[in-house]
Structures are given as C-alpha cells and as structure tokens.
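**Q** When the sequence shown is numbered by the UniProt record's numbering, its final residue is 135 and no position is left out of the sequence of numbers.
We treat Cβ as the ideally placed atom computed from N, Cα and C, and that holds for glycine.
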Amino acid sequence: MRLINLIWCITKIISKSLAARLKEAFDSIRWSYLEDVMKKLGFCDTWRTWVQAILSSSKVSILVNGSPTEEFFLEKGVRQGDLVSPFLYIIDAKGLKVALVEANNKGLFEGMEMPKDGPTFSLFQFANDAIFLGK
1 MRLINLIWCI TKIISKSLAA RLKEAFDSIR WSYLEDVMKK LGFCDTWRTW
51 VQAILSSSKV SILVNGSPTE EFFLEKGVRQ GDLVSPFLYI IDAKGLKVAL
101 VEANNKGLFE GMEMPKDGPT FSLFQFANDA IFLGK
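(1) So what does DSSP say about Ala25, is it helix, strand or coil?
(2) Label Val98 either buried or exposed according to how many other C-beta atoms from any shown protein chain fall within 10 Å of its C-beta, with 16 as the threshold for buried.
(3) Restricting to runs no shorter than 4 residues, where is the alpha helix (DSSP H) found entirely within the UniProt domain "Reverse transcriptase" (22-91)?
(4) Buried or exposed: Asp117, going by 16 or more other Cβ atoms within 10 Å of its Cβ?
(5) Which residues in the same chain as Met112 place their Cβ atom closer than 6 Å to its Cβ, once the five residues preceding and following it in sequence are excluded?
(6) Among Ile90, Thr69, Leu63, Lys59, whose alpha-carbon lies nearest the alpha-carbon of Gln125?
(7) What does DSSP give as the partner residues of Met112 in its beta bridges?
(8) Going by C-alpha distance, which of Ser67, Trp31, Leu123 is nearest Leu55?
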C-alpha cells in the first residue's frame, strides 16, 4: 500500500509540474495586441469590452494522464475549441497582414515576386499557421 501511495504522490508532482509548464504554452496571443488591432479596424468600445470580458474570464484545466489539473486563468492565449478563437485568429492575422504591407511600403520587407510579372506574395496563412515569403 505504501508503494502505491508513493507512486500516486510522484504522479501528482509530475502532473503539477507539467501543468505549470503547459500553462506557458498557452501564452501565444497578447490581448493588448488584439485590442489595438480591433481599435484600428473600427470595432466599437462595447464590442471590444465584450471580447476582453470573454478572454479575461476564461479558466482552463489540462488533462494529464486522464486527470484534470487545477483550473487557471489564461493570461494571453485563448481556449482551444472556444467559438470565439477562430474570430480572434482572423483579427490577429489581419493585423499581421497590415503590418507586412506597411513594412513593404517602407522598404523593410519585400515579398517574393512570381515570374513574368506575376503577383507578389509575402504571407501565406492557413488555420493557425503563417509562412513568410520575402527577401
């Protein structure tokens, strides 16, 4: 019985350690950046307040070996599977595209031009991936 208790204790320590490390993996989207992009895109104060309320009240838990960890508040990321996540990604992607266009206009970044006077590409985005093409 003592061996089982020892194994259980070690499992709890490992799961709490993993939860603390995985919590950092969620820190991928700065909310202040989303707020700035929404403001520049013309979203009203009420809408931005609603989005901030949804984000700041999000509590998550991670399954480790089939057992949930203690809940914690997200600080920068969004919950996977949350209905608002794709919408926020589109806002984030739009902000990235605008930043690339501005960098291109200032001569800081130049996209790849296709042969025979084809279009210039600087960014491919799909789902939650982004590929930069430039020189």
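**A** Concretely, from the data shown:
(1) Start at 1 with the first residue of the sequence shown, and residue 25 comes out as number 25. Residue placement at Ala25 cannot be trusted, given a pLDDT of 40 that sits under 50; the coordinates are not used to answer.
(2) Working through the sequence shown from its first residue, we reach residue 98 at position 98. Exposed, by the Cβ-count rule.
(3) 31-40, 45-56
(4) Along the sequence shown, read from residue 1 onward, the residue named residue 117 stands at position 117. Flag for Asp117 reads exposed.
(5) On the sequence shown, position 112 is the one that residue 112 refers to. Around Met112: Phe121, Leu133.
(6) Indexing the sequence shown from 1 puts residue 125 at position 125. Here the closest residue by C-alpha is Ile90.
(7) Numbered from 1 along the sequence shown, position 112 holds the residue referred to as residue 112. Phe121.
(8) Indexing the sequence shown from 1 puts residue 55 at position 55. Leu55 has its Cα closest to that of Trp31, out of Ser67, Trp31, Leu123.
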